[in-house]
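Per the working numbering, the sequence shown starts with residue 232, numbered consecutively.
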Amino acid sequence: MMYQKLRDIRKNHGYKAKQMADKLGISKSFYLQLETRYRRLSYDMAVKIAKIFNMQPDEIFYEDHLRDEKEKTSKN
(Lines of atoms letter the chains of each structure in order from A and count residues from 1; the text may use other names and numbers.)
(Lines give C-alpha, C1' and ligand atoms only; values in the text may rest on other atoms or scores of the structure.)
Protein backbone atom coordinates (compact mmCIF):
# COMPACT_ATOMS: atom_id res chain seq x y z
CA MET A 1 0.00 0.00 0.00
CA MET A 2 0.90 3.64 -0.24
CA TYR A 3 2.17 3.87 3.33
CA GLN A 4 4.57 0.97 2.89
CA LYS A 5 5.63 2.58 -0.36
CA LEU A 6 6.58 5.77 1.50
CA ARG A 7 8.88 3.79 3.76
CA ASP A 8 10.35 1.84 0.85
CA ILE A 9 11.04 5.00 -1.17
CA ARG A 10 12.69 6.65 1.83
CA LYS A 11 14.87 3.66 2.61
CA ASN A 12 15.80 3.12 -1.05
CA HIS A 13 17.11 6.68 -1.12
CA GLY A 14 19.09 6.16 2.07
CA TYR A 15 17.14 8.55 4.29
CA LYS A 16 16.36 8.04 7.94
CA ALA A 17 12.93 9.10 9.21
CA LYS A 18 14.51 12.02 11.09
CA GLN A 19 16.16 13.28 7.92
CA MET A 20 12.84 13.18 6.05
CA ALA A 21 11.10 14.97 8.89
CA ASP A 22 13.75 17.69 8.88
CA LYS A 23 13.44 18.15 5.12
CA LEU A 24 9.66 18.41 5.43
CA GLY A 25 9.74 20.73 8.44
CA ILE A 26 7.80 18.31 10.66
CA SER A 27 8.65 16.20 13.69
CA LYS A 28 10.04 12.71 13.34
CA SER A 29 7.00 11.30 15.15
CA PHE A 30 4.64 13.06 12.73
CA TYR A 31 6.55 11.65 9.77
CA LEU A 32 6.52 8.13 11.21
CA GLN A 33 2.78 8.47 11.75
CA LEU A 34 2.46 9.14 8.01
CA GLU A 35 4.37 5.95 7.23
CA THR A 36 2.36 3.85 9.65
CA ARG A 37 -1.11 5.17 8.76
CA TYR A 38 -1.73 6.94 12.07
CA ARG A 39 -1.92 10.15 10.05
CA ARG A 40 -3.46 10.54 6.66
CA LEU A 41 -1.06 11.67 3.94
CA SER A 42 -2.40 14.85 2.36
CA TYR A 43 -1.79 15.63 -1.27
CA ASP A 44 0.22 18.70 -0.24
CA MET A 45 2.52 16.55 1.88
CA ALA A 46 2.82 14.05 -0.98
CA VAL A 47 3.92 16.93 -3.23
CA LYS A 48 6.65 17.87 -0.75
CA ILE A 49 7.82 14.26 -0.43
CA ALA A 50 7.76 13.77 -4.19
CA LYS A 51 9.95 16.85 -4.71
CA ILE A 52 12.58 15.42 -2.36
CA PHE A 53 12.78 12.27 -4.50
CA ASN A 54 12.31 13.96 -7.90
CA MET A 55 9.04 12.10 -8.43
CA GLN A 56 5.55 13.12 -9.39
CA PRO A 57 3.16 13.11 -6.41
CA ASP A 58 0.81 10.78 -8.28
CA GLU A 59 3.53 8.12 -8.32
CA ILE A 60 3.10 7.79 -4.56
CA PHE A 61 -0.64 7.22 -4.93
CA TYR A 62 -1.29 5.94 -8.42
CA GLU A 63 0.96 2.91 -8.94
CA ASP A 64 -0.69 0.97 -6.12
CA HIS A 65 -4.10 1.83 -7.51
CA LEU A 66 -3.16 0.37 -10.91
CA ARG A 67 -1.85 -2.82 -9.34
CA ASP A 68 -4.98 -3.21 -7.21
CA GLU A 69 -7.21 -2.76 -10.26
CA LYS A 70 -5.16 -5.28 -12.23
CA GLU A 71 -5.50 -7.84 -9.43
CA LYS A 72 -9.28 -7.32 -9.29
CA THR A 73 -9.55 -7.77 -13.05
CA SER A 74 -7.45 -10.94 -13.10
CA LYS A 75 -9.61 -12.53 -10.39
CA ASN A 76 -12.76 -12.16 -12.53
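Positions of the beta carbon are idealized from the N, C-alpha and C atoms, including for glycine.
Between the beta-carbon of lysine 259 and that of alanine 277 there is about 18 Å, and that puts the pair past the 8 Å contact cut.
Rounded to the nearest whole angstrom, the C-alpha separation of methionine 233 and aspartate 239 is 10 Å. Judged by DSSP secondary structure, leucine 255 falls within the alpha helix (DSSP H) whose first and last residues are 248 to 255. Taking C-beta atoms as the reference points, lysine 236 and isoleucine 291 count as a pair closer than 8 Å. The beta carbon of proline 288 is closer than 7 Å to those of Tyr274, Ala277, Val278 and Ala281 in its chain, skipping five residues each way along the sequence.
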